[in-house]
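Number of protein chains: 2
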Amino acid sequence: MSSRRQNRPVSPARTAENGRYAAARGWTGIVFIATSLDGFIARGNNTIEWLTEPDTTVTHPGDAALTAGAVAAIPGARRRAAGPGEAAGDYAGLMARVDHLVMGRNTYETVAGFPEWPYPETPVIVLSTSLPRDADARVTIAGSVAEATDLLSRARAGGVYIDGGQTVRAFLEEGLVDELTVSRAPILLGSGLPLFGGGAPEQRLRLDAAATGPNGLVHARYTVLRDDAGAGRGSGATLRK
Amino acid sequence: MSSRRQNRPVSPARTAENGRYAAARGWTGIVFIATSLDGFIARGNNTIEWLTEPDTTVTHPGDAALTAGAVAAIPGARRRAAGPGEAAGDYAGLMARVDHLVMGRNTYETVAGFPEWPYPETPVIVLSTSLPRDADARVTIAGSVAEATDLLSRARAGGVYIDGGQTVRAFLEEGLVDELTVSRAPILLGSGLPLFGGGAPEQRLRLDAAATGPNGLVHARYTVLRDDAGAGRGSGATLRK
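Which chain is which? The protein sequence lines are R and E, in order. Quick note on numbering that gives the first Met the number 0: the first sequence kicks off at 0 and runs consecutively. Quick note on numbering that gives the first Met the number 0: the second sequence kicks off at 0 and runs consecutively.
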């Protein structure tokens, strides 16, 4: 499967087919990302202090799980899917299911600038066409989504954390995201780097859990639906000619 | 105040000043609007059946208030503000506080196409530069935001429901929105009519309540902050030169 992927160009028309690949691929693609209420992951100058250094003088409602008990046995849940007790926005619970990370170069450079490398135990794949293959011994460089998925399949990945706006969009369009948590920060940025947009195919979601977090965050966790009804009715494969 | 508004052109640089107008204006600007997870209020062809006719074969978590009891006395709450017991997404509770509606021409035309006019008891202002003043006896046409705010002040409006993407953006930019509920539907549309975007000034928000609704909706209700800290630190007035 992985060699077929590598030999075929990426095109939106293959989305439904990728959905079938996705069902067979064995690993779960997990997105966990924060945006402003208007959908930006960073300001235009890449700053996120509106997220990391929130205004503590404002009192928001406290931390509360929205749907405790509502997420029971999930039909067709994949390996490495969130369990019934995992609240939306539970980063520790999510990371316990993650054994590989995939991120774009921008996100990598942000993470590489942290005082300490935050993933000493977890293999990290960086999607980049410009970084040399030996740029950083802590990561593996992949030149394309197809190469990254090939690496993940060969590593028998289970739970894959997909990070960064461009990388999330690319994996979504290829049908490689199964679980999607979006955490909304209480601010309108007005402009910046958008998480979504750009004409991706439609994808129906199932809300699995929601919760408020500290500092006014609202977390919502979704499963990306890939059943026949979805493929026939609302997926990009039928809408994009 | 209202005649001054009318005589001055609308410009982003006046946002902080408008914030002061807003504090004095006497009515509360309320937004209650649904979007896809990726922030679109309608498909590019204006259809919203993804919202109004959701797929009932998918089981989402049930209706649950997130922050019951968390919204206590709100410091500086305006007249017509949501009470402590009002859950996010409570349309009936919200409409009980609304005595005027403002909408754009697109929204008006959608509403006018309904089998029954849904607001027989509530004065409706339609923002339009093209509709004739006597287009529809059920509504009042206003040619600008300034004219609409003048009409609202003269009518001694209390709670004003602001509807439609362009109208919401225009009122937000003018500092005329106090309360903002966004309800996220569990779908990625990929493209369509966006609620936000277009370089509006930054605005900090306070999360007041959140809840899940039927069909996988996640409601979050915010107060638009206009205190000195906000104006000095993050508002568009200081960031837009």
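All C-beta atoms, glycine included, are put in the ideal place defined by N, C-alpha and C.
Residue-chain proximity (residue i, chain E), Cβ-Cβ < 8 Å
i, result
"R:Q165", "no"
"R:R225", "no"
"R:I186", "yes"
"R:G92", "no"
"R:R78", "Note that R:R78 scores 47 on pLDDT, short of 50, meaning its location in the model is unreliable; the coordinates nonetheless yield the value given after this. Cβ-Cβ to chain E under 8 Å: no for R:R78."
"R:G174", "no"
"R:G158", "no"
C-alpha gap between residue i and residue j, whole angstroms
i, j, result
"E:Y107", "R:P185", "29 Å"
"E:A209", "E:S182", "9 Å"
"E:V125", "E:A156", "15 Å"
"E:Y118", "R:A145", "53 Å"
"E:G103", "E:R96", "21 Å"
"R:V30", "E:L179", "27 Å"
"E:V159", "E:E85", "17 Å"
"E:L151", "E:G88", "25 Å"
"R:N105", "R:G191", "14 Å"
"E:F170", "E:S35", "21 Å"
"R:Y221", "R:R205", "5 Å"
"R:T121", "R:M94", "10 Å"
"E:T241", "E:R42", "Absent from the structure is residue 241 of chain E, since the part of chain E shown begins at 0 and ends at 240."
"R:V101", "R:S143", "11 Å"
"R:A219", "E:V217", "8 Å"
"E:H99", "E:V123", "6 Å"
"E:D139", "E:L175", "The residue you asked about is not Asp; residue 139 of chain E is Thr in the sequence shown. C-alpha separation (whole angstroms): 19 Å."
"E:T58", "R:D207", "9 Å"
"R:A80", "R:A154", "19 Å"
"R:T211", "E:N44", "34 Å"
"E:A111", "R:G82", "46 Å"
"R:Q202", "R:T109", "29 Å"
"R:R77", "R:I161", "For R:R77, the predicted model reports a pLDDT of 42, less than 50, meaning its position is unreliable; a value from the coordinates is still stated below. R:R77 and R:I161: Cα-Cα distance of roughly 16 Å."
"R:P60", "R:D149", "44 Å"
"E:I40", "E:W49", "10 Å"
"E:D54", "E:S127", "35 Å"
"E:D177", "E:A33", "17 Å"
"R:L187", "E:T166", "16 Å"
"E:G92", "R:G92", "36 Å"
Buried versus exposed, by CB contacts within 10 Å (16 or more), residue i
i, result
"E:S129", "exposed"
"R:F195", "buried"
"R:G189", "buried"
"R:W116", "exposed"
"R:Y90", "exposed"
"R:L224", "buried"
"R:F113", "exposed"
"R:S200", "A quick correction: the sequence has Pro, not Ser, at residue 200 of chain R. Buried."
"E:R168", "buried"
"E:P213", "exposed"
"E:T27", "buried"
"R:E173", "buried"
"E:T51", "exposed"
"R:R24", "buried"
"E:A136", "exposed"
"E:G215", "buried"
"E:T46", "exposed"
"R:A22", "Only weak support exists for where R:A22 lies, its pLDDT of 48 falling under 50; the coordinates are left without a value."
Neighbour flag for residue i against chain R, beta carbons, 8 Å
i, result
"E:T180", "no"
"E:Y221", "yes"
"E:F195", "yes"
"E:R24", "no"
"E:P200", "yes"
"E:A169", "no"
"E:R155", "no"
"E:S190", "yes"
"E:G75", "Confidence in E:G75 is poor, its pLDDT being 42 and thus under 50, which makes the residue's placement too unreliable to answer from."
Whole-Å CB distance - residue i paired with residue j, under 8 Å assumed
i, j, result
"R:A141", "R:A134", "That pair is no contact at about 12 Å."
"R:P193", "R:G164", "7 Å"
"E:G38", "R:G38", "5 Å"
Next item on the list: Taking a Cβ distance cut-off of 8 Å, strictly less, list which residues of the stretch 39–60 of chain E are near chain R, in chain order.
Entry: Answer set for the stretch 39–60 of chain E: W49, D54, T56, V57, T58, H59 and P60.
Margin query: Using a Cβ-Cβ cutoff of 7 Å, what residues of the stretch 131–151 of chain R are near chain E? List them in chain order.
Written below: Interface annotation for the stretch 131–151 of chain R against chain E: empty, criterion Cβ-Cβ distance under 7 Å.
Next item on the list: Taking only beta carbons into account, state which residues of the stretch 203–217 of chain R come closer than 9 Å to chain E, listed in chain order.
Entry: R203, L204, R205, L206, D207, A208, A209, A210, T211, N214, G215, L216 and V217
Notebook entry, point to check: the stretch 87–113 of chain E: which residues have C-beta closer than 8 Å to a C-beta of chain R, in chain order?
Noted result: none
Next item on the list: Compile a chain-ordered list of the residues in the stretch 26–38 of chain E whose CB is closer than 7 Å to at least one CB of chain R.
Entry: L36, D37 and G38
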